[in-house]
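The numbering of the sequence shown is the numbering used here, which starts it at 14 and goes up by one. Working notes, structure below.
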Amino acid sequence: MMPAIPPPAVMNAAAASSVPHNPLLDKLHPYPFERLRALNAGITPSAAYRPISLGIGEPKHPAPKLIEDALMASLKGLSGYPATAGEPALREAICAWLQRRYGLSLNPASQVLPVNGSREALFALAQTVIDPSRAGATVVCPNPFYQIYEGAALLAGAQTAFANSDPAKTSPSTGRKSTRPPGPAPSCSTSARPATRPARSCRWTSGACSSSSVIAMAL
14 MMPAIPPPAV MNAAAASSVP HNPLLDKLHP YPFERLRALN AGITPSAAYR
64 PISLGIGEPK HPAPKLIEDA LMASLKGLSG YPATAGEPAL REAICAWLQR
114 RYGLSLNPAS QVLPVNGSRE ALFALAQTVI DPSRAGATVV CPNPFYQIYE
164 GAALLAGAQT AFANSDPAKT SPSTGRKSTR PPGPAPSCST SARPATRPAR
214 SCRWTSGACS SSSVIAMAL
């Protein structure tokens with residue numbers, strides 16, 4: 014006689030308590046959009062108003078035809094794995110764009126690495142530059158923040174510190190009041206999305222991590 018099989022929820026709960034796992038996973042928090050869906054459950058928006066989405070931020074317009082045409086023309090290349098470093102032509106195009114927009118001169122062979130979105134890049138960066146064996150290893154994040162900052166920091170064995178947004182203070186990129194305290198620039202590493210944060214605003218946080226336990230992450 015076959016034993017009764019418990020429902021999936023019971024099985025999953027039992028597995029979660031008995032299967033060895035990385036204890037750092039227990040520090041992670043639910044993704045904000047999962048929490049938002051739970052908060053919105055059962056709520057019917059008023060038909061008298063057009064909603065303003067504060068969700069995931071997906072494009073609201075169709076993809077440009079030139080992009081669709083380029084994808085269609087490249088379908089035959091999907092049968093093979095791409096190089097980890099990306100195609101040389103892509104890296105060169107990225108460097109050319111950064112030069113035109115920000116005046117940055119980068120080596121496409123050693124200073125550019127295409128990734129599948131900023132989340133992958135930020136997570137990999139934290140695992141690379143954080144040394145959890147150093148006392149006080151800390152990742153400083155802006156608040157509000159992109160949740161991968163926190164997740165990447167915690168899974169790399171670091172602690173997090175949040176720099177709350179203050180309307181009375183402004184970014185160095187605006188040319189107005191800076192949030193950096195007086196004195197020499199701190200030595201740490203920063204990851205910034207060029208499309209939203211000019212490189213000059215991050216220079217005071219750039220440098221080698223060898224002399225600091227603090228890493229700054231911002232988009």
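Even glycine gets a Cβ: it sits at the ideal position worked out from N, Cα and C.
A direct Cα-Cα distance of roughly 31 angstroms separates Lys73 from Ala176. Three or more Cβ pairs closer than 8 angstroms define a contact, and the stretch 147 to 156 falls short of that threshold against the stretch 123 to 136. For Pro155, the secondary structure class from DSSP, reduced to helix, strand or coil, is strand.
Under the three-state reduction of DSSP, Thr173 is assigned to strand. Here Phe136 is near Ala165, since their CB atoms are less than 8 angstroms apart. Around the beta carbon of Arg50, fewer than 16 other beta carbons lie within 10 angstroms, which makes this residue exposed. Boundaries for Gly130: no alpha helix (DSSP H) harbours it, and the DSSP string shows neither H nor E there. In the structure shown, the three-state DSSP call for Pro145 is coil. Collapsing the DSSP output to three states places Glu163 in a helix.
Pro121 sits in coil when the DSSP states are folded into three classes, being neither helix nor strand. DSSP, read as helix, strand or coil, puts Asp179 in coil. For the pair Thr97 and Leu138, the Cα-to-Cα distance works out to about 16 angstroms. A residue is called buried once 16 or more other Cβ atoms fall within 10 Å of its Cβ, and Leu79, having fewer, is exposed. For Pro72, there is no enclosing alpha helix (DSSP H), as DSSP marks it with neither H nor E. For Glu47, the uninterrupted alpha helix (DSSP H) segment begins and ends at Pro45 to Asn53. A distance below 7 angstroms between beta-carbons, with the five flanking residues on each side excluded, links Cys108 to the following residues of its chain, in chain order: Leu119, Pro121 and Val125. Selection Lys40, Gly55 and Pro36 evaluated against Gln160 yields Lys40 as nearest (Cα-Cα). Put simply, the backbone Cα of Asn156 is about 44 angstroms away from that of Lys89.
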